[in-house]
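Following: one structure in structure tokens, then a few remarks.
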Amino acid sequence: MGAKFKLVLLPVIILSYLALIDADSYSVVVGTEEHVNLVDAKFLSFTIDPKYLFSSSEKYNSKECICMATSLTPAYIRIAGPSTSRMRFRNSTIAIEQGPPRRLTLSKLYSDEDDSDYRTNLAVTHSKWEKFVHWAKSTGFDLVFALNNHDKTAAGMWDPNTTLNIFTVADKANIGPMFWQLGYECKNQSIEEYLNDLETLRVIIETFPSGKAGGWQVVGGDVTHCLQADSKSDFKDYITLSNDMMDAILLNGNSSSQELERMSEKDRYKLLKLLSTSDTPLWLTEHNYLTSELERAADWMTSLGYSARNGFSVHYRELKEKELYEPTLSFYMALLFKNLVGERVLNVDIEASQAILFAHCTSLRRKPVPGAVTFYGANMDDEPARFSIKMAKKELGGDIMQFILGHDRNGNIVVNGRAMYYEGDIRPVVKRVRPYKTLLINLPPKSFGFWVLANTKVKACFDTHNSEKPA
């Protein structure tokens, strides 16, 4: 039986007040007059290493896998990862070389043994690649496809001839708009050389009809390894020049914060002002090496909150193989985020600790709810957290939908105390509150949650048809 992942907005429990428990208290002040950022409708997006997509494993073709994917649209799928540097575009296939050719010895010289599988046992035909692209687009995904930038000319620059096959295939298949990314990451070259390679990529795609029409766009990869340790201008130069020549700016959240700290206050202010007024979308990616399912989900939620508040329009999560076909805690978090959290971001003043809270205007099943607010947060402490949320004016009260996620004692994923297996509806706990100006909400230890305040009249969340970024 196929999996079902459905959010049912019907109450299962009605309470007349929010229970008070012994907990660590956090004072929260919410800016409700105007939003501080407007994220893309595809804000929560994904990065998938191509070696997973090229695998012939049936688990990727299961009903559960397809159902999980379709429930998380709209989103970007960024096909990029360490295996990008081993990708080869051939006349009829796209292949990933798994290793270098075996050393040639006299015994192998006279042997009929074929070592091609050793080198290229992951490959898809052009027709299968076309089918995947068309499926993704029809499902609600937009694509970002990273090209292998490790093939160099004698002069040490990127050799674009290696990618002409895939451009030709994409053009003939009429795949429509998509982003082409130069490499998974920049390595073994200077920022100036990488920018030159990006300009070469733009020139090439503009020789194709989709490129001329603006449907094909260009974005850079992660440039962390090309930022010279003794340079204080590499990062600034890359951002400034990318702002004019690329259709989106992809930054590594881990290294970008360090680079900003290294800059002088004057240069940092100029750069942040440039980014805040630019029409070029800011994309964020991060490398996460956490293995605990709970920690990965909480880290993802926290990163989403900070990046939304800090001006990014799209956040990419690099998925582990298991997360592609098995509904983990991260999946349920992403599913609720997609169905409850809107594009307008509100400012939240809270002291960072083991517990954190963020706020957006509400969007239920991708439809904005005028005046309503969604809070989401994580508590990785061993004690419950109590958030004391101060609103700008007195609210009328009413119903609050609550979703608490975590693990039970047996390690099962639970939402509102109900174990989530391969199918089942997700139902909120509905709490009814009296009129308030300060709202108390509680979050158990080692868990994270969403709260939808459907009856609020927050000024920043009206005029939902106005999609302009804040000034």
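Numbered by mature numbering (1 follows the signal peptide of the UniProt record, and there is no 0), the letters in the sequence shown go through residues -23 to -1, 1 to 448 in order. Don't be surprised by glycine CBs; every beta carbon is placed ideally from N, CA and C. Remember, it's a predicted structure, so these values are computed and weren't measured experimentally.
Exercise. Going straight from the alpha carbon of Y413 to that of Y3, what length do you get?
Worked result: Numbered from its first residue, the sequence shown carries residue 413 at position 436. Numbered from its first residue, the sequence shown carries residue 3 at position 26. If you take the alpha carbons of Y413 and Y3, they lie about 17 Å apart.
Exercise. Can you tell me whether DSSP reads P347 as helix, strand or coil?
Worked result: Here residue 347 refers to the residue found at position 370 when the sequence shown is read from its first residue. It is a strand residue.
Problem set entry | 8 Å contact criterion, which V350 and Q379 should meet: CB distance rounded | Here residue 350 refers to the residue found at position 373 when the sequence shown is read from its first residue. Here residue 379 refers to the residue found at position 402 when the sequence shown is read from its first residue. With a contact defined as Cβ atoms closer than 8 Å, V350 and Q379 miss out at about 13 Å.
Problem set entry | Other residues of its chain near L178: CB distance less than 6 Å, five sequence neighbours each side excluded | To locate residue 178, count along the sequence shown from 1; it is residue 201. Taken in chain order, the residues that qualify are L159, V195.
Problem set entry | Helix, strand or coil at I216 [DSSP, three-state] | Counted from its first residue, the sequence shown places residue 216 at position 239. I216 sits in a helix when the DSSP states are folded into three classes.
Exercise. Are at least three pairs of beta-carbons, each pair with one atom in the region 142 to 162 and one in the region 234 to 250, less than 8 Å apart?
Worked result: Taking 8 Å as the limit for Cβ pairs, the verdict is that the region 234 to 250 does not touch the region 142 to 162.
Problem set entry | Sub-8 Å separation of M134 and F308 beta-carbons | Here residue 134 is taken as the residue at index 157 of the sequence shown, counted from 1. Here residue 308 is taken as the residue at index 331 of the sequence shown, counted from 1. Result no, Cβ atoms of M134 and F308 do not sit closer than 8 Å.
Exercise. Hey, how far is the Cα of G348 from the Cα of N316?
Worked result: Start at 1 with the first residue of the sequence shown, and residue 348 comes out as number 371. Start at 1 with the first residue of the sequence shown, and residue 316 comes out as number 339. Going by the C-alpha atoms only, they are around 17 Å apart.
Problem set entry | Pair within 8 Å by beta-carbon distance, T268 and I226 | Counted from its first residue, the sequence shown places residue 268 at position 291. Counted from its first residue, the sequence shown places residue 226 at position 249. Not closer than 8 Å, so no.
For this session: Measure the CB-CB distance between A355 and I381 and report whether it falls below 8 Å.
Result: Position 378 of the sequence shown holds residue 355. Position 404 of the sequence shown holds residue 381. No, the Cβ-Cβ distance between A355 and I381 is not below 8 Å.
For this session: Helix, strand or coil for F439, going by three-state DSSP, please let me know.
Result: Numbered from 1 along the sequence shown, position 462 holds the residue referred to as residue 439. Looking at F439 - three-state DSSP - the assignment turns out to be coil, as it is neither helix nor strand.
Exercise. Given K209, which residues of its chain have a CB within under 7 Å of its CB, disregarding the five upstream and five downstream residues?
Worked result: Looking up residue 209 in the sequence shown gives position 232. Excluding sequence neighbours, K209 sits near R239, M240.
Exercise. With a CB to CB cut of under 6 Å and the five nearest residues on each side skipped, what residues in its chain are close to I143?
Worked result: For the purposes of this step, residue 143 is taken as the residue at position 166 of the sequence shown. Contacts found: F66.
For this session: Go ahead and label residue 450 buried or exposed: buried means 16 or more other beta carbons lie within 10 angstroms of its beta carbon, across all protein chains shown.
Result: The structure shown has nothing for residue 450, since the chain only spans -23 to 448.
For this session: Measure the C-alpha to C-alpha separation of D326 and Y283 and round it to an integer number of angstroms.
Result: As a first step, residue 326 must be located in the sequence shown, where it is residue number 349. As a first step, residue 283 must be located in the sequence shown, where it is residue number 306. Taking the Cα positions, D326 is about 12 Å away from Y283.
Exercise. Counting Cβ pairs closer than 8 Å, one from the region 274 to 292 and one from the region 11 to 26, do we hit at least three?
Worked result: Touching, yes, given that three or more Cβ pairs across the two stretches are closer than 8 Å.
Exercise. Do A369 and T50 have their C-beta atoms within less than 8 Å of each other?
Worked result: Within the sequence shown, residue 369 is the residue found at index 392, counting from 1. Within the sequence shown, residue 50 is the residue found at index 73, counting from 1. No, the Cβ-Cβ distance between A369 and T50 is not below 8 Å.
Problem set entry | the region 163 to 175 / the region 120 to 136 touching (three or more Cβ pairs under 8 Å) | Contact between the region 163 to 175 and the region 120 to 136 is present: three or more C-beta pairs spanning the two stretches fall below 8 Å.
Exercise. Looking at C-alpha atoms only, which residue of V391, D402, S365 is the closest neighbour of L417?
Worked result: Within the sequence shown, numbered from 1, the residue matching residue 417 stands at position 440. It is S365.
Problem set entry | Nearest-angstrom Cα separation, counted from E242 out to K213 | As a first step, residue 213 must be located in the sequence shown, where it is residue number 236. As a first step, residue 242 must be located in the sequence shown, where it is residue number 265. One C-alpha to the other measures close to 13 Å.
Problem set entry | Own chain residues within Cβ distance below 7 Å of T102, not counting five before or after | Here residue 102 is taken as the residue at index 125 of the sequence shown, counted from 1. Answer for T102: S69, T70, listed in chain order.
Exercise. Where does C438 land, buried or exposed, given buried means 16+ other C-beta within 10 angstroms?
Worked result: In the sequence shown, residue 438 corresponds to position 461, counting from 1. Burial state of C438 is buried, judged by a 10 Å Cβ sphere holding 16 or more other Cβ atoms.
For this session: Could you tell me if S320 is buried or exposed, where buried requires 16 or more neighbouring beta carbons within 10 angstroms of its beta carbon?
Result: Here residue 320 refers to the residue found at position 343 of the sequence shown. Reading off the sequence shown, one finds Glu at residue 320, where the question assumed Ser. Burial is judged here by how many other beta carbons sit within 10 angstroms of a residue's own beta carbon; E320 has at least 16 and is buried.
Exercise. Looking at the C-beta of F314, does it have a partner C-beta in chain C at a distance below 8 Å?
Worked result: As a matter of chain content, chain C is missing from the structure shown, which is built from one protein chain.
Problem set entry | Cross-strand partners of R395 (DSSP beta bridge) | Position 418 of the sequence shown, counting from 1, holds the residue named residue 395. BP columns for R395 point to V392.
Exercise. Can you name, in chain order, every residue of its own chain whose Cβ lies under 6 Å from the Cβ of L(-4), other than the five neighbours on each side?
Worked result: For the purposes of this step, residue -4 is taken as residue 20 along the sequence shown, with counting starting at 1. Reliability of the predicted coordinates at L(-4) is poor, the pLDDT of 45 falling under 50, and the value obtained from them is presented with this limitation in mind. Excluding residues within five positions, none has a Cβ falling inside 6 Å.
Problem set entry | For N356, the residue or residues it bridges with in DSSP | For the purposes of this step, residue 356 is taken as residue 379 along the sequence shown, with counting starting at 1. For N356, which the question treats as bridged, DSSP gives the partners A332, S424.
Problem set entry | N-terminal and C-terminal residue of the alpha helix (DSSP H) that residue 452 is part of | Lying outside -23 to 448, the shown extent of the chain, residue 452 is not represented and no answer is given.
Problem set entry | Contact set for V146: own chain, Cβ-Cβ below 6 Å, skip 5 residues either direction | Translated into positions along the sequence shown, residue 146 becomes position 169. Answer for V146: H103, listed in chain order.
For this session: Please look up how many angstroms separate the CB atoms of L261 and Y215, rounded, as I've assumed it's under 8 Å.
Result: Within the sequence shown, the letter at position 284 stands for residue 261. Within the sequence shown, the letter at position 238 stands for residue 215. That belief does not hold up - the Cβ atoms of L261 and Y215 are roughly 15 Å apart, past 8 Å.
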